[in-house]
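This report concerns only the one structure given below.
In this note's numbering, the protein residues as written are 2 to 117.
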């Protein structure tokens, strides 16, 4: 996985937009809410939300830490891209997308679902 592959993965999901925030972070959003963030400048790290039960297990892996400023909301920061397989990247990014989407207002969720 690299930054271009991550971008393609995120943009394939229905209703996803991208934005540059804080000057150097590429953010992927669903309904205006972030579900995945990567640094544009090296070293490239990636942050995304995980389910509460996975958080401790994820941050125990080498190369993954609690996401700065977002850990209280169960976000992790992957510092070494190779610690996850391509299948795991897809699973975790899709899961983060789904978690954030589920918190959106029902009418926004229906609009996104209509895009499929």
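By construction, the Cβ of each residue, glycine as well, lies at the ideal position given by its N, Cα and C atoms.
Given the structure is predicted, the values throughout are model-derived calculations rather than measurements.
Unbroken beta strand (DSSP E) stretches of 3 residues or longer found wholly inside the segment 9–52: 17–22, 26–31, 34–40, 47–50, given in chain order. Under the three-state reduction of DSSP output, residue 79 falls in the strand class.
Going by beta carbons, residue 26 and residue 41 fall inside the 8 angstroms limit.
Below 8 angstroms, too few C-beta pairs join the segment 29–43 and the segment 54–64 to call them touching: fewer than three. DSSP lists 77 as the bridge partner or partners of residue 67.
Here residue 92 carries a helix assignment [DSSP, helix/strand/coil].
Contact between residue 94 and residue 37 is confirmed by a C-beta separation of about 6 angstroms, below the 8 angstroms threshold. DSSP, read as helix, strand or coil, puts residue 3 in coil.
Contact between residue 16 and residue 32 holds, since their C-beta atoms are separated by about 7 angstroms, short of 8 angstroms.
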